[in-house]
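Notes follow the structure.
In the numbering used here, the protein residues as written are 35 to 144.
Rendered as structure tokens:
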């Protein structure tokens with residue numbers, strides 16, 4: 035996957051450079067996150083947010099918050115968070131730990 039973001043590009047470059055000097059390293063993709071702050075809201079999308087994945091959604095219109103997590107085989111693989119910056123930070127942590135879906139939902143969807 036090519037994301038066009040700095041952090042993944044640096045990780046890919048380090049592996050490629052090492053392999054060009056004789057190493058035999060494999061690249062393990064890390065969850066990619068993108069953030070947009072506009073119109074008084076923060077939107078974060080991280081990991082895999084494909085249509086074919088299982089989805090769980092939380093909405094709180096009064097707080098202007100919308101969250102959706104994406105699961106594959108019961109494991110958190112992605113999420114979209116609108117209006118809740120603390121949950122967006124937590125999403126990144128949970129993605130790195132390959133958190134089971136029930137625990138991810140409890141931590142993020144409230």
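Glycine included, each C-beta is placed from N, C-alpha and C at the ideal position.
- Spanning the alpha carbons of residue 119 and residue 56 requires a straight line of approximately 42 Å.
- Between residue 136 and the set 108, 126, 121, the nearest pair of CA atoms involves 108.
- Sorting 88, 59, 144 by C-alpha distance to the C-alpha of residue 100 places 144 at the top.
- Residue pairing for residue 134: DSSP places it in a beta bridge opposite 109.
- Using a Cβ-Cβ distance cut-off of 8 Å, the segment 37-51 and the segment 88-99 are not in contact, since fewer than three pairs of beta carbons, one from each stretch, lie closer than that value.
- With a beta-carbon spacing of about 13 Å, residue 125 and residue 105 fall beyond the 8 Å limit used to define contacts.
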